[in-house]
Amino acid sequence: PANLHFLDLITDQNPRVVPQKAGNYNLDVFIDGYCADSVTYHFTFNVVAPPKPTITGSANVCLGSGNQTYSVTLADTNGFGTAVKTWTIVGGTIVSGQGTNSVVVNWTTTGSISVSVDNKSCAVGSVSLPVTVAPIATVAVTAPADACNNDIITIPSFVSTPSGATFTWTNSNTAIGLGASGSGQIAAFTAKNTTSSAITATITVTPSLGCASTPSTFTITVNPIPTVTLPADFAVCTGVTIPLSTFTTTP
11 PANLHFLDLI TDQNPRVVPQ KAGNYNLDVF IDGYCADSVT YHFTFNVVAP PKPTITGSAN
71 VCLGSGNQTY SVTLADTNGF GTAVKTWTIV GGTIVSGQGT NSVVVNWTTT GSISVSVDNK
131 SCAVGSVSLP VTVAPIATVA VTAPADACNN DIITIPSFVS TPSGATFTWT NSNTAIGLGA
191 SGSGQIAAFT AKNTTSSAIT ATITVTPSLG CASTPSTFTI TVNPIPTVTL PADFAVCTGV
251 TIPLSTFTTT P
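Mapped onto the working numbering, the consecutive letters of the sequence shown carry residue numbers 11 to 261.
As structure tokens, this is what we get:
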């Protein structure tokens, strides 16, 4: 048959044959009897395709997020499910489960997880799953100098480690003239304080490289414009000593 590959000459006494695809095969073996009658043996056999294994588990992991579990499944209707599983990890270590349907992995860097499945001498197949391990980012923030009402406040740029993180931020007090939340760097804004006392806002900045990270905070203080209270006008005669007057401010 066209889908049978003979490894030996078909005239050999014990020729080996490898099916090239699944299906039902009929094979006739003719034995020349020489001194006896010739005999033809008819063989019928069925070749089943091994199931393709698949890996289930997270392909995106946060560094330090703990052990991850991965499993191999087979769309198996022909008894391959008892096959031996051999797991290979690049970028982490197997904590438990080697040789079974599931393994527990501790990731330390971006890599991959692979499994090969064999049923005695029959190789079922192998499959690999790339796994991205995202680091936990930190952010350095710097508070601006205290400002007064109507000053322009410029906040120094946020810097992440590793670089390349995105930023989200929240503001605890919108009365200073800054919105309640945003993303990226904070653009320069006009400080506001229409009260008679200093007001302060806490800015919380959270970096991300795909994983939740520890936020950093800083404060912005906006002082009011002080007003001065003058003493009442009064009249004096020439040559009279004028007493010192006391000015008061608010605040």
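Idealized CB from N, CA, C, for every residue including glycine. What you are looking at is a predicted structure, and each value in this text was computed from that prediction instead of being measured.
Contact annotation: the stretch 57-76 does not touch the stretch 207-216, with fewer than three C-beta pairs closer than 8 Å. Here the stretch 218-236 does not lie against the stretch 251-258, with fewer than 3 beta-carbon pairs under 8 Å apart.
Close CB contacts of Asn111 within its chain, under the 7 Å cut and outside five residues either way in sequence, are with Ser81, Val82 and Lys95 (chain order). Taking C-beta atoms under 8 Å as the contact rule, Ile123 and Val105 fail to qualify, at a distance of about 13 Å.
For Ala185, the secondary structure class from DSSP, reduced to helix, strand or coil, is helix. With a cutoff of 8 Å on beta-carbon distance, Asn183 and Ser191 are scored as not near each other.
Rounded to whole angstroms, Pro172 and Cys72 show a C-alpha spacing of 14 Å. Checking the DSSP bridge columns, you'll see Phe177 partnered with Pro217.
Following the DSSP letters along the chain, one finds Pro154 in no beta strand (DSSP E), marked with neither H nor E. The beta-bridge partner set that DSSP reports for Lys31 is empty. Val238 is not a Cβ neighbour of Ile209, given a cutoff of 8 Å. Where Val58 is concerned, there is no enclosing beta strand (DSSP E), because DSSP gives it neither an H nor an E. In the structure shown, Leu139 falls within a strand segment according to DSSP collapsed to helix, strand and coil.
Contact between Thr120 and Val143 is confirmed by a C-beta separation of about 5 Å, below the 8 Å threshold.
Taking the Cα of Ile99 as reference, the smallest distance to any Cα among Phe168, Val125, Leu84 and Ala245 is reached at Val125. Here Leu240 is exposed, its C-beta having fewer than 16 other C-beta atoms within 10 Å. Ile196 carries a coil assignment under DSSP once its states are collapsed to helix, strand and coil. In this structure, the CA atom of Phe244 is about 15 Å from the CA atom of Phe257. Phe228 carries a strand assignment under DSSP once its states are collapsed to helix, strand and coil. Per DSSP, reduced to three states, the secondary structure at Val250 is coil, with no helix or strand assignment.
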